[in-house]
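Notes to accompany the following structure.
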Amino acid sequence: MATTNKEAALRPSHVTSIGQSRLTRIFIWAAVIAAVIWVLYPFIWAVITSFKTQREALEPTIIPFLQFQPSLENWSAELGLGARETTLALGNSIAIAVGATIVATVLGTLTGYALARFRFGIGNRNIVSWVLSQRFLPPVATLIPFFLVLQRLQMIDTVPGLIVVNATFTLPFAILIMRDFFADFPEEIEEAALVDGANPLQIFVRVALPLATPAITAAAIICFAFAWNEYLFASVMAPKDAKPYTFLVASTSTVRGVHFGYLATRMLIAITLPVVLSLFVQRYIVRGLSLGAVKG
Amino acid sequence: MYKKNRARYFFLFPGVIWILVFTIFPLIFSLYLSFTNANMRNFTRATWNFVGFDNYASISSDLRIGDTVNATIFLSAGSLVSTLLLGTFMAWLFNHDIPGLRIFRSILTMPLFAAPIALGFMGLILFNETSGSINTIIRGLGGGGVRWMTDPWSARTAVLILDTWQWTPFVFVIILAAMQSIPEELYEAARLDTGSGWIMFRRITFPLIAPAMGTVALLRLVETFKILDIPLSMLGGGPGAATQTYSYYVYLTGLRSFDMGYASSLAYILVIVSIIISSIYFWRVRARFE
Chain A
327 MATTNKEAAL RPSHVTSIGQ SRLTRIFIWA AVIAAVIWVL YPFIWAVITS FKTQREALEP
387 TIIPFLQFQP SLENWSAELG LGARETTLAL GNSIAIAVGA TIVATVLGTL TGYALARFRF
447 GIGNRNIVSW VLSQRFLPPV ATLIPFFLVL QRLQMIDTVP GLIVVNATFT LPFAILIMRD
507 FFADFPEEIE EAALVDGANP LQIFVRVALP LATPAITAAA IICFAFAWNE YLFASVMAPK
567 DAKPYTFLVA STSTVRGVHF GYLATRMLIA ITLPVVLSLF VQRYIVRGLS LGAVKG
Chain B
-3 MYKKNRARYF FLFPGVIWIL VFTIFPLIFS LYLSFTNANM RNFTRATWNF VGFDNYASIS
57 SDLRIGDTVN ATIFLSAGSL VSTLLLGTFM AWLFNHDIPG LRIFRSILTM PLFAAPIALG
117 FMGLILFNET SGSINTIIRG LGGGGVRWMT DPWSARTAVL ILDTWQWTPF VFVIILAAMQ
177 SIPEELYEAA RLDTGSGWIM FRRITFPLIA PAMGTVALLR LVETFKILDI PLSMLGGGPG
237 AATQTYSYYV YLTGLRSFDM GYASSLAYIL VIVSIIISSI YFWRVRARFE
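Going line by line, the protein sequences match chains A and B. Taken in order, the first sequence gives residues 327 to 622; the numbers are from our numbering. Taken in order, the second sequence gives residues -3 to 286; the numbers are from our numbering.
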C-alpha cells in the first residue's frame, strides 16, 4: 500500500503535455535549470570559498587551479589534529540531537498511535489540534521560563538540559507524522491479533511497530535535523561545556576581517549532516513539515 | 471495545504529559513573569516583584520597538509573498512531464534542512559589499554595487532573500502535492474548450490548490515571526537595529539585558498574535483531523 502511495505522489502529470509548444518546453526547462542553480548556488559558492586562503577568499574567483590555488588549510584547521573545540562541539551536537530524537520519537510514536487507534473522551481532533498548536508558539516565549527553571535545577550548560528543550520542540512533528501514518494504515492486521488474544501492548510491539519502521525513521530524521539546527536555546543554555556546533559556528569572529574561507568551512560542516539525511525522507517531507495538514 | 481499551491512556499520556510540563508550564510561568519586574542584573539569581500592567504599559512608549516592528512586518510580508509566488511557480514547473522529478525534488528541498544560523554566514560571504559574489554579478551586469551591509533596507532585503531561499521549497513541495492530486479528467475536459495554459491554471489549478495555499500561508506567517538566526549571524541585527526582528528584540531584552519581566510581556504580545493566527488555521483545517 505504501508503494502505491509513493507512485501516486510522484505520478508525472500530463497537465500540459498535450499541445505543448516547443517554446513552452524551452521555457520550462530553462526555468527548471534556473531553479536548480538558485538552490545550489550558495552551496557551491561555500564549497569553493572553503578551499581558499584568507586573501583569495576576498576575490570573486571560481575555477580552482586556474584562478586560485585550492588549499586544505581551512579544513585541516577545523577538523585536523588539535581542533579540540570542534570535536567537543560536534560531539555535543550529536549527543543533544540523538537524545532529543530518541525522546521525541518514542513519545511521538506512542502518542501518535493512541490518537490513531483509540478514542478519547475529549475528542481526538481536539488533542491533535492542541499538539499542532505547540508549533505555532514563538520559542522566545518559553525561553526565559526554561532558562530560569533549568538554572534552578542546575541543568544550565548540560547536555540533558538541551535534550529536554529540543525534544519539546520536535515532539509535535513526531506525534503528527506517526498519527498520520497509523491513521492511514489498515487496522485489520491488528484486529486479527486481537482476536488471537493479544493485548494492546503486545499488538503495538509485535504488529504495529515493525510495520511503522519507515515512518519512525522519517520522524526521527526530521527531529534530528531540527534539533541539530537549533541555535536560540543553545546560545542561552549551553555557553560552554555543552556548546553544540551551531553555537560554535555563531561564535566564529564576526568582526571586521573575518576569514571567509574558514567561515565557509564551518558553515558547510554545520549544514551537511541534516541536508544529507533529508534525502532519505522525501516521502514524508510534505506531511512532516505541514504537520499533517496537507497529504503528500 | 478495542477503541476504548484502558491501555489507550498508556499510549497517550507520556507525550501529552511531556508537552504539559515543558510547554504549558513555561507559558504560564512566562505570563506570570510578564507582570513582574524580574531581572538578573547581578548574573546569579533572578528576583522579582509584582508590578501589574507596568510592563505592558511601557511597551507603547518603547522607542526601540519601531524599527523592530518595521523589520518584522517587512520580513513577514515579504517572505510570505515571495515564497508563495516562487514556490507556486516552481510547483507549476515541476507539474509538467519532467523526467527525474524525484531527484530534482530532493535537490530543491535541501535548503529547508540547512541551519539558519549557518545561513546567516552564507549571507555574510555572498552579500559582502566589496568582494561578495552577488555584488560582483550586479556589477558585471552593469549595475552599481548594493550596500547590503550598511543600508537598512538593503540589509533587510538581503535577509529576506536568504529566508526566501530557505523556505520556498516548503511551499514548493506542498503545492506540488496539491497540484498532483488534481484529477486528470478536469484538464482533459477543459482542453476541449481552451488551449490556453494560463486559462486552465486560473480556472482549474488555482481554485483547487487555493486551500493548500491558505494552509501554507498561515504556517509560513507564523514561522516568519520566529526569524532570528539569520539576521543575528549575518548582521548582528544591524546596521543599527535595521534587521532586529521582534523575536530578536525579545531575546536581547530577556537574555542579554536580563530584563526578563519586560521581555516576557513583549513575548506575550507575540503569543497572542500567534494564538489568533493558529485559531484561524484550526478553523480551516479541522475537517482534516476527523
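Ideal Cβ positions, reconstructed from N, Cα and C, are used throughout, including at glycine. Small disclaimer: the values here were computed from a predicted structure and weren't measured.
- Think of a sphere of 9 angstroms around the beta carbon of Tyr258 of chain B: no beta carbon from chain A falls inside it, the nearest being about 10 angstroms out.
- A straight line joining the alpha-carbon of Ser30 of chain B with that of Ala263 of chain B spans about 9 angstroms.
- In this chain, the alpha helix (DSSP H) harbouring Val475 of chain A covers 466 to 478.
- When the alpha-carbon of Arg478 of chain A is set against those of B:Trp14, B:Ala42, B:Lys0, B:Pro10, the nearest one is in B:Ala42.
- Within the segment 226 to 252 of chain B, Ser229, Gly232, Ser243, Val246, Tyr247, Gly250, Leu251 place their CB atoms closer than 7 angstroms to a CB of chain A, listed in sequence order.
- With respect to the C-alpha of Leu558 of chain A, the residue from A:Phe473, A:Tyr439, A:Pro512, A:Phe550 having the closest C-alpha is A:Phe473.
- At a cut-off of 8 angstroms between beta-carbon atoms, Gly434 of chain A makes contact with chain B.
- Exposed is the label assigned to Arg198 of chain B, since fewer than 16 other Cβ atoms lie within 10 Å of its Cβ.
- Shown here, Phe394 of chain A sits in a strand according to DSSP, grouped into three states.
- A Cβ of chain B is located within less than 8 angstroms of the beta carbon of Val358 of chain A.
- With respect to the C-alpha of Ser72 of chain B, the residue from B:Val12, B:Pro235, B:Leu158 having the closest C-alpha is B:Leu158.
- Ranked by Cα distance from Pro540 of chain A, the first of A:Leu416, A:Ser455, A:Ile482, A:Gln608 is A:Gln608.
- For Asn35 of chain B, the pairing in a beta bridge is given by DSSP as B:Thr43.
- Distance from the CA atom of Leu248 of chain B to the CA atom of Met230 of chain B, rounded to whole angstroms, is 16 angstroms.
- For Leu589 of chain A, the chain B residues whose Cβ falls inside 8 angstroms of its Cβ are Phe117, Leu120, Ile121, in order along the chain.
- Along the segment 61 to 91 of chain B, the positions whose C-beta sits under 7 angstroms from a C-beta of chain A are Met86, Leu89, Asn91, read in chain order.
- Using a CB distance below 8 angstroms, the part of the segment 348 to 374 of chain A facing chain B consists of Thr350, Ile354, Ala357, Val358, Ala361, Val362, Trp364, Val365, Leu366, Pro368, Phe369, Trp371, Ala372, ordered along the chain.
- At a cut-off of 8 angstroms between beta carbons, Leu476 of chain A makes no contact with chain B.
- A distance below 8 angstroms separates the beta carbons of Thr494 of chain A and Phe18 of chain B.
- Those residues of the segment 516 to 537 of chain A placed with their C-beta closer than 8 angstroms to a C-beta in chain B are Glu517, Leu520, Asn525, Pro526, Leu527, Phe530, ordered along the chain.
- Secondary structure of Tyr258 of chain B (DSSP, three-state): helix.
- Look at Glu125 of chain B here: in three-state DSSP terms it is coil, with no helix or strand label.
- Put simply, the CB of Val485 of chain A is far from chain B, with every gap to its CB atoms at 8 angstroms or more.
- Against chain A, the beta carbon of Val155 of chain B has no neighbour under 7 angstroms; the closest one sits roughly 14 angstroms away.
- The way I'd put it, the segment 494 to 506 of chain A does touch the segment 432 to 449 of chain A; three or more beta-carbon pairs between them come closer than 8 angstroms.
- Counting along the chain, Val65 of chain B sits inside the alpha helix (DSSP H) bounded by residues 61 to 90.
- Cβ-Cβ distances below 7 angstroms link Arg592 of chain A to Glu404, Val575, Thr578 in the same chain, with the five nearest sequence neighbours on each side left out; the list follows chain order.
- The DSSP-derived three-state label of Asn1 of chain B is coil.
- For Asn1 of chain B, a Cβ of chain A is located within less than 8 angstroms of the residue's own Cβ.
- Taking the Cα positions, Ile15 of chain B is about 27 angstroms away from Asn35 of chain B.
- Under a criterion of Cβ atoms nearer than 7 angstroms, the residues of chain A adjacent to Met106 of chain B are, in order, Val365, Val601, Ser604.
- Going by DSSP, Glu517 of chain A is part of the alpha helix (DSSP H) stretching over 514 to 521.
- Counted as a single uninterrupted DSSP element, the alpha helix (DSSP H) harbouring Ala186 of chain B occupies residues 180 to 187.
- At a beta-carbon threshold of 9 angstroms, none of the residues of chain A lie near Ile205 of chain B; the nearest stands roughly 10 angstroms away.
- For Met504 of chain A, the uninterrupted alpha helix (DSSP H) run begins and ends at 485 to 510, by DSSP.
- Leu476 of chain A and Phe369 of chain A have their C-alpha atoms some 37 angstroms from each other.
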